[in-house]
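Chemist:
Chains as they are written, first to last, in my numbering: chain A, 9 to 301; chain B, 2 to 293.
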């Protein structure tokens, strides 16, 4: 079996290996385009990293002046920016935790059971993903500004709570759909096997189901965290005047100044993310190797 | 102990109440903080607010809609034109990347996919600010274009529609690459062999097999780029000028600066209605059911 798969893989890699000069030229051109595309993707990143070593002229770090290590020696010099980053981390942790739990519940409910109304739930789940962020932000703001009778006039004051509420709202659909995609093809009869062997439903869930679906949940949680920490438009609408996340701070400040610490902190975030990605890739590569051995 | 459990072909259990217990927390959250806000946005769009500091009052004020259309028609048109241009540009850039990773990536496939995602670990605003530096009047790119005569001595890159469209294309590019990659990666290698046997020329195999099978990815990717691009205001703010304002800029300004909630709400509603119509027509044309 594995030999067949390996053979198919090998053949796939060879697709497009043609000998005619026209084919070779086509192959070269498409490779060139792809390389150009990757370069385009990285161009701003090079600029961000390079400008973290720039000694800016005036308040804007937009024109190259001269090389310096000063910014890296004082990465936390801009206290307001650091506070905003810490707030963003707090928002991302809390909203990811809540959204991952209730989104995973939804995914399990949808994949594991056949019931009336499943199609409707699916529709309700997908629709928020097709709504433009500006509409999500604007509509939440109207809810927070003008509490309706429908909700017993519960009023919200804009701040930490409303940001977390908004983030959980747009993350739930992402989590539910990501976990659902991973759960399809899950062998539910394993649960029956566990129960036949005498495990009760709770034990079955903790010992059999959860360990098997954990990779999917983890992927959804990482995606949520990244989406939450990066979100600007929705947060900008619901954050109010006194609560400032990292992106909101950058936007507000960019009118009057762009301190080089923005670049330093971004480069740090980038390095941390790349490390997490690299470790994840290595671990999963090792696991595949072990499983196939 | 173990009752006989009935399952259907996909291994799903027939149940009445258990699934709802799992679904209720998420559904309540979505209803309370997505569907109900849409309703309150709709109510707001029919309210009147005579002055900046007045409390908006509901009153079937349909005039908000005619005002939104007549005053901001140009911004609507511009938003959808820019978003369409950015979607096409993203498709042209993303397809070769996805193709090369899927068919030529070999064992470096995951690393290459990682490379596509890595730039987006920096914040959206910071990336756009970096483009401002790259395209700026003191940057190296503008000097080069002036020297080789592509741009006239007084022409600039920054604060032009091209810069805004370029920014939109860049910022939403991974949403195009990833779905196309997924649909290319799913293609059965035996089909490719068949293509090679049937069509002597690679290009015909590409046109008849690969392009049709990658359409679901192209469809999903186009929507994932078009929708956020049409509603964006950050790229226009950093890379454009007063003549490149998009509908997102107007909604943002009317809501958060002018505090003219009814007009802003009417604008949002018209915008979401147009997006839905575009999505519906588009899904009819390409005919794919699976979006997510």
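Yeah, the Cβ is synthetic: ideal placement off N, Cα and C, and Gly gets one too.
At 9 Å on the CB atoms, spell out the chain B contacts of residue 258(A), in chain order.
Modeler: In chain order: 124, 126, 127 and 130.
Chemist: Opposite residue 48(B) in the DSSP bridges: which residues?
Modeler: Looking at the DSSP assignment, residue 48(B) forms a beta bridge with 59(B).
Chemist: Taking residue 233(A) as the query, report the chain B residues whose CB atoms sit under 7 Å from its CB, ordered along the chain.
Modeler: Simply none; closest approach about 11 Å.
Chemist: Check the Cβ of residue 42(A) against every Cβ in chain B and list those closer than 8 Å, keeping chain order.
Modeler: In chain order: 97, 98, 100, 101 and 102.
Chemist: So which residues of chain A does residue 231(B) contact, with C-beta pairs closer than 8 Å?
Modeler: Neighbours of residue 231(B) on chain A, chain order: 140.
Chemist: Using a Cβ cut-off of 7 Å, pull out every chain B residue sitting near residue 114(A), in sequence order please.
Modeler: Under the 7 Å cutoff, chain B gives 23, 24 and 27.
Chemist: How would you label residue 169(A), buried or exposed, when you count the other beta carbons within 10 angstroms and need 16 or more for buried?
Modeler: That one is exposed.
Chemist: For residue 107(B) and residue 217(A), what's the separation of their Cα atoms in angstroms?
Modeler: If I take the Cα positions, the gap works out to 33 Å.
Chemist: With residue 117(B) and residue 178(B) assumed to form a contact (beta carbons below 8 Å), what rounded beta-carbon distance in angstroms separates them?
Modeler: About 5 Å; that satisfies the 8 Å criterion.
Chemist: So, does the CB of residue 50(A) fall closer than 7 Å to a CB anywhere in chain B?
Modeler: It does; some Cβ of chain B falls within 7 Å.
Chemist: Residue range of the alpha helix (DSSP H) that residue 233(A) falls in?
Modeler: Start and end: 218-238.
Chemist: Span of the alpha helix (DSSP H) holding residue 181(B)?
Modeler: Residues 175-186.
Chemist: Run through the DSSP bridge pairs and tell me what residue 148(B) is partnered with.
Modeler: Residue 148(B) pairs with nothing; no bridge assigned.
Chemist: DSSP on residue 275(A), reduced to helix/strand/coil?
Modeler: Here residue 275(A) sits in helix by DSSP.
Chemist: In chain order, what residues of the region 234-249 of chain A put their CB closer than 9 Å to some CB of chain B?
Modeler: Listed in sequence order: 234, 237, 238, 239, 240, 241, 244 and 245.
Chemist: Nearest chain A C-beta to residue 30(B) closer than 7 Å, yes or no?
Modeler: Chain A, which has a Cβ nearer than 7 Å to the Cβ of residue 30(B), makes this yes.
Chemist: Taking the alpha carbon of residue 42(B) as the point to measure from, which residue in 176(A), 256(A) and 152(A) has its own alpha carbon closest?
Modeler: With distances taken between Cα atoms, residue 42(B) lies closest to 152(A).
Chemist: Check whether the Cβ of residue 181(A) lies closer than 6 Å to any heavy atom of the ligand SAH, and answer yes or no.
Modeler: By its list of ligands, the structure shown contains no ligand whatsoever, and the ligand SAH lies outside what it can speak to.
Chemist: Are the Cβ atoms of residue 80(B) and residue 277(B) separated by less than 7 Å?
Modeler: Not in contact: residue 80(B) and residue 277(B) (Cβ atoms no closer than 7 Å).
Chemist: Give a yes or no on whether the C-beta atoms belonging to residue 42(A) and residue 32(B) are separated by under 7 Å.
Modeler: In this structure, residue 32(B) does not lie closer than 7 Å to residue 42(A) by Cβ.
Chemist: Looking at residue 167(A) and residue 241(A), is the spacing between their C-beta atoms short of 7 Å?
Modeler: Taking 7 Å as the Cβ cut-off, residue 241(A) and residue 167(A) do not qualify as a contacting pair.
Chemist: Give the secondary structure of residue 75(A) by DSSP, where H, G and I count as helix, E and B as strand, and everything else as coil.
Modeler: Here residue 75(A) sits in strand by DSSP.
Chemist: Which whole runs of the alpha helix (DSSP H) in the region 71-150 of chain B are 4 residues long or more, in chain order?
Modeler: 110-118, 125-136 and 141-148, all fully within the region 71-150 of chain B.
Chemist: Taking only the alpha-carbon atoms, compute the straight-line gap between residue 54(A) and residue 135(B) and give it to the nearest angstrom.
Modeler: Near 10 Å, if we compare the C-alpha coordinates of residue 135(B) and residue 54(A).
Chemist: Can you name the residues of chain A whose CB is closer than 9 Å to the CB of residue 116(B)?
Modeler: What residue 116(B) touches in chain A: 46, 49 and 50.
Chemist: For residue 195(A) and residue 220(A), what's the separation of their Cα atoms in angstroms?
Modeler: Approximately 10 Å between the Cα atoms of the pair.
Chemist: Tell me whether residue 266(A) sits in a helix, a strand or coil according to DSSP, three-state version.
Modeler: Strand, per DSSP.
Chemist: Counting along the chain, where does the alpha helix (DSSP H) carrying residue 84(A) start and finish?
Modeler: Segment: none, residue 84(A) is in no alpha helix (DSSP H) and carries neither H nor E.
Chemist: Pick helix, strand or coil for residue 244(B), following the three-state DSSP scheme.
Modeler: Residue state, collapsed to three classes: helix.
Chemist: If you measure from the beta carbon of residue 151(A) to each beta carbon in chain B, is any gap under 7 Å?
Modeler: It does; some Cβ of chain B falls within 7 Å.
Chemist: Whose C-alpha, out of 66(B), 24(B), 126(B) and 209(B), is nearest the C-alpha of residue 259(A)?
Modeler: Nearest of 66(B), 24(B), 126(B) and 209(B) to residue 259(A), Cα basis: 126(B).
Chemist: Opposite residue 62(A) in the DSSP bridges: which residues?
Modeler: Answer by DSSP bridge pairing, in chain order: 75(A).
Chemist: According to DSSP, is residue 67(A) helix, strand or coil?
Modeler: Coil at residue 67(A), not helix or strand.
Chemist: By Cβ distance, which residues of its chain are closer than 7 Å to residue 24(A), with the 5 residues on each side in sequence left out?
Modeler: Confidence at residue 24(A) is low in this model, with a pLDDT of 47, below 50, so its placement is unreliable and the value that follows should be read with caution. Correct list, in chain order: 35.
Chemist: In chain order, what residues of the region 269-290 of chain A put their CB closer than 7 Å to some CB of chain B?
Modeler: The region 269-290 of chain A vs chain B, Cβ under 7 Å: 270, 274, 277, 278, 281, 282, 285 and 289.
Chemist: Kindly confirm or deny that the region 37-52 of chain A and the region 209-218 of chain B touch, where touching means at least three C-beta pairs closer than 8 Å.
Modeler: Taking 8 Å as the limit for Cβ pairs, the verdict is that the region 209-218 of chain B does not touch the region 37-52 of chain A.
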